[in-house]
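Numbering (this note's numbering), first residue to last: 565 to 764.
Beta carbons are placed, not taken as given, at the ideal position from N, Cα and C, and that holds for glycine.
Taking it in order: structure first as structure tokens, then the write-up.
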Ligand code: FES
């Protein structure tokens, strides 16, 4: 069901559903700095629960390379001491892990109920029109990638768009054009951040 007259709510629009084998990529190992970060993090878990560090291990690999190739997943598997298939399972589940290059800013539009009721699909549509891209694509400048995600946990401040590790809340569809222009001009300074924190 869709809350938007022109857009279908269908799995085919969700970038994870169009799953393909990850890019094999070239040789991958952590930088010395990232290896030290991983080694420090994995100490937090009992030796027989090393897998608990997998999200952080993948986060480091993605921050280092921009997206996760199969070689990077194999490296993480070696660090965690599990199979590459185990790592792929995790990567394919979480929308914040990318298996192809993305733009400088990844616009994660929440499409779950509260956001949908307050116009999230029109936000996605406005971003698509502004940037000339569909969900799952990166614009020609390489600056923006558009994806849709499920609830971001800020339902009372819908519609919500997570931009990389930052937050844009209560983004009305008619504000999208100005928002994109501000991000182009100001970068991270353009984001409203978490209102919950501000309203305390
Ligand atoms: S429904 Fe969008 S943040 Fe919860």
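Neighbourhood of residue i by C-beta, 8 angstroms cutoff - its chain only, sequence neighbours within 5 removed
i           : result
residue 675 : 573, 684, 685, 688, 712, 713 and 714
residue 727 : 669, 670, 671, 672, 747 and 755
residue 722 : 674, 678, 679, 681, 682, 684, 733 and 734
Beta-ladder partner(s) of residue i, from DSSP
i           : result
residue 735 : Beta-bridge pairing links residue 735 to no other residue.
residue 669 : 708
residue 730 : 727
residue 659 : Paired residue(s): none; residue 659 is not in a bridge.
residue 713 : 674
residue 688 : In the DSSP output, where bridge partners are listed per residue, residue 688 has none listed.
residue 702 : 709
Alpha-carbon to alpha-carbon, residue j and residue i
i           : j           : result
residue 614 : residue 623 : 15 angstroms
residue 592 : residue 632 : 10 angstroms
residue 581 : residue 725 : Caution applies to residue 581, whose pLDDT of 48 falls short of 50 and renders its modelled position unreliable; the value that the coordinates give is listed next. Residue 581 and residue 725: Cα-Cα distance of roughly 20 angstroms.
residue 752 : residue 585 : 32 angstroms
residue 654 : residue 740 : 32 angstroms
Contact set for residue i: own chain, Cβ-Cβ below 6 angstroms, skip 5 residues either direction
i           : result
residue 710 : 671, 691, 697 and 699
residue 662 : 631
residue 645 : 614
Residues near residue i in its chain [Cβ-Cβ closer than 7 angstroms; skip 5 each side]
i           : result
residue 589 : 633, 634, 635 and 636
residue 577 : In this prediction, residue 577 has a pLDDT of 48, which is less than 50 and means its spatial position is unreliable; what the coordinates show is noted afterwards. Closer than 7 angstroms at the Cβ level, and outside the excluded window around residue 577, lie 699 and 712.
residue 647 : 641
For this session: Tell me, please, whether the stretch 697-705 touches the stretch 657-676 by the rule of three or more beta-carbon pairs shorter than 8 angstroms.
Result: yes
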